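What follows is one structure encoded as structure tokens, with my remarks underneath.
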Amino acid sequence: MKKIILLSLSLCAVFSFASAQNNCRLYTNEVAAPDGIKVAAKTLKQYEGNLYDMSWLDKAVKGKRMVMIGESHWMTSVHQTAKSIVFHLNNTDSFPVLIREIPFSVTPFMNAYINCETGNCDELLTVLKPYVGSQEEQNFLKELQKWNSEHPNKKITIACSDFEQGFQFPLRNVLHPYFTQQGHTNFKERLMAANNDLDLVFTYIDSLLQQSPESFHVAGKPYLNKTFATQVIDNLKAYANAEKSRQLAQHAGKSAAEASTAYFNVRGESIKNNLTDEARFGKLLKENKSILWGGAAHTIKYKFDAQDKEAFEGSFLCNEYEPTKGKVLSVKVMAMSYDIPEAYYTGDTYKYGVAQFEKLVEAYKNCNTARAAGTYRMIEQTTEVTNAITAKFKDNSNQPVWLAGNSEMNKLLKKAPHLKEDSQLRSFYAYDYVVVLPHTRLYTRLN
């Protein structure tokens, strides 16, 4: 397989819930707790505007080198909760490395923006819009910028750990300026002439890279140098190999799940390499405490079945990678249901290239054609365990709760062994702590 869409821009996301199903289950806390099944959960208190009180993590985080935050993507309240953890940890301690599930090539642009005080700050934000096109993500970058300005001795550095998920961003913002400023002004035309043949594309790019002087960097952007260009190309090749693995599995008659596994295995190895290679982020992780903020699938700490194979980095960082082995705290943040910004009924800013997000919006619109306020569509599968938690919301004025995930699920299994088949118990089991929000709003996408 030589061909994939050369200039595609896709942001893959893995959900543990069946969010794309065509159903209209709506959230209600009028749920009876199953007999004999109780979950010990405490209220997550809110303070200082939209931030949450995370002091309950203080004892658990002692002695840890890394805190992993596993989220459901594109959920405003989930994002707010994760953000609360980031700033709490850096206010009470120092976790200066923030790992994000974003393509590797975005890293220097994000760091340039959050350390920008004058000049081209808005220009940098424009470059970043493919990956921070929501009000929530842009606000967060601005808050990081403010933090770094006000805390010069406790600055936060971003490490984007994912492989490239499309060619558009790295070509436009890294490789095109890097090679054209060396005199290869026909770079774009040569790529187009390859007609999506990736063997030709990479052969051409590799030949240019070999000719590049070690000392050269893009004018005004010292981070766009030969080392970084090499690393970006490696991540592009990993992306292409992942797509090739998926398509080969499909052509061999494998199931959709098996084809996805083939893709994610390549992706997972690339992420691990980005995190541990000392020329990339390995040195940062060895020398500093860090926060890994990514999808819930990336932050699994405990395997429910010993034979389970995790494609992503969570279990590896917890159990195999020496600098963090045995020194990782894992927190999952999830919402039971969601609604959408009012503007999505009349505008189409939600149609921005991520199919899963668009499906979430369309599913909600189909479920609430009357646009009734206070209507939330369920995104999590309803099980005995989630019913036990939802019953707590009723007694708790619909406030978010937190619980000791792995510990609490082990207690439940001893009392009710049949819950080993409960999908939500298996999910909660994978994390030290789980924060559960009754509902949230989807991100507000910007034009």
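Reading the sequence shown from the start, the letters are residues -20 to -1, 1 to 427 in mature numbering (1 follows the signal peptide of the UniProt record, and there is no 0). Note that the Cβ used here is the ideal one computed from N, Cα and C, for glycine as well. What you are looking at is a predicted structure, and each value in this text was computed from that prediction instead of being measured.
Is residue i a contact residue of the ligand NAD, with contact defined as CB to any heavy atom under 6 Å?
i, result
"Gln404", "Looking at this structure, you won't find the ligand NAD or any other ligand, since it has none at all."
Helix, strand or coil, according to DSSP, for residue i in the structure here?
i, result
"Ser(-11)", "Low per-residue confidence applies at Ser(-11): pLDDT is 33, beneath 50, and the placement is therefore not dependable, though the value from the model is reported in the following sentence. In this structure, Ser(-11) counts as coil in the three-state DSSP scheme."
"Ile(-16)", "Here the model assigns Ile(-16) a pLDDT of 36, short of 50, so the residue's position is not dependable and the matter cannot be decided."
"Lys234", "coil"
"Trp54", "coil"
"Ile320", "coil"
"Cys140", "strand"
"Leu78", "strand"
"Val47", "strand"
"Tyr413", "strand"
"Ser225", "helix"
"Ala315", "strand"
"His164", "coil"
"Gln211", "helix"
"Lys374", "helix"
"Leu24", "coil"
"Val381", "strand"
"His131", "coil"
"Pro83", "strand"
"Arg152", "helix"
"His398", "helix"
"Arg406", "helix"
"Ser195", "coil"
"Thr366", "helix"
"Leu422", "strand"
"Val19", "coil"
"Val66", "helix"
"Val11", "coil"
Can you tell me where the beta strand (DSSP E) with residue i in it begins and where it stops?
i, result
"Tyr332", "Segment: none, Tyr332 is in no beta strand (DSSP E) and carries neither H nor E."
"Asn203", "One detail in the question is off: residue 203 reads as Tyr in this sequence, not Asn. Counting along the chain, the beta strand (DSSP E) containing Tyr203 begins and ends at Lys201 to Asn205."
"Ser35", "Element bounds for Ser35: n/a, residue is neither H nor E."
When you compare only the Cα positions, how much space is there between residue i and residue j?
i, j, result
"Pro88", "Asp319", "34 Å"
"Ser141", "Gly274", "10 Å"
"Asn153", "Ile251", "21 Å"
"Trp382", "Leu78", "23 Å"
"His156", "Phe147", "11 Å"
"Lys345", "Gln336", "14 Å"
"Lys269", "Cys298", "14 Å"
"Gln211", "Asp375", "52 Å"
"Tyr423", "Val415", "19 Å"
"Leu50", "His164", "Reading the sequence as shown, one finds Gly at residue 50 and not Leu. Rounded to whole angstroms, Gly50 to His164 spans 42 Å at the Cα level."
"Ala276", "Asn128", "27 Å"
"Asp412", "Ala173", "52 Å"
"Thr8", "Trp54", "22 Å"
"Glu258", "Glu194", "19 Å"
"Pro150", "Leu216", "8 Å"
"residue 429", "Val41", "Because the chain here runs from -20 to 427, residue 429 falls outside it and cannot be looked at."
"Ser57", "His419", "8 Å"
"His398", "Thr241", "28 Å"
"Asn390", "Met48", "21 Å"
"Ile213", "Phe182", "8 Å"
"Gly294", "Thr304", "11 Å"
"Asn367", "Thr279", "24 Å"
"residue 429", "Lys263", "Residue numbering for the chain in the displayed model covers -20 to 427; residue 429 lies beyond these limits and cannot be assessed."
"Gln230", "Ala239", "6 Å"
"Lys289", "Ala237", "14 Å"
"Tyr282", "Ser407", "10 Å"
"Gly233", "Leu31", "48 Å"
"Gln190", "Asn133", "39 Å"
First and last residue of the alpha helix (DSSP H) that includes residue i?
i, result
"Met389", "Gly385 to Lys395"
"Met172", "Phe167 to Ala173"
"Cys4", "No alpha helix (DSSP H) contains Cys4, which DSSP labels as neither H nor E."
"Val112", "Careful: Val112 lies outside any alpha helix (DSSP H) and carries neither H nor E."
"Lys182", "The sequence given here places Phe at residue 182; Lys does not occur at that position. Phe182 -> alpha helix (DSSP H) spans Leu178 to Gln191."
"Ile359", "Careful: Ile359 lies outside any alpha helix (DSSP H) and carries neither H nor E."
"Asn91", "Thr87 to Ile94"
"Thr106", "Cys101 to Leu108"
What whole-angstrom Cβ distance do residue i and residue j have, given they're in contact under 8 Å?
i, j, result
"His197", "Leu204", "6 Å"
"Glu144", "Phe84", "7 Å"
"Gln404", "Thr370", "Contact flag wrong, Cβ pair sits at about 11 Å."
"Leu121", "Val112", "6 Å"
"Ser114", "Leu426", "7 Å"
"Val308", "Lys44", "6 Å"
"Asn386", "Tyr409", "6 Å"
"Cys347", "Cys4", "4 Å"
Mind listing, in chain order, the continuous alpha helix (DSSP H) runs of no fewer than 4 residues lying wholly within the region 238 to 300? 262 to 267 and 293 to 299
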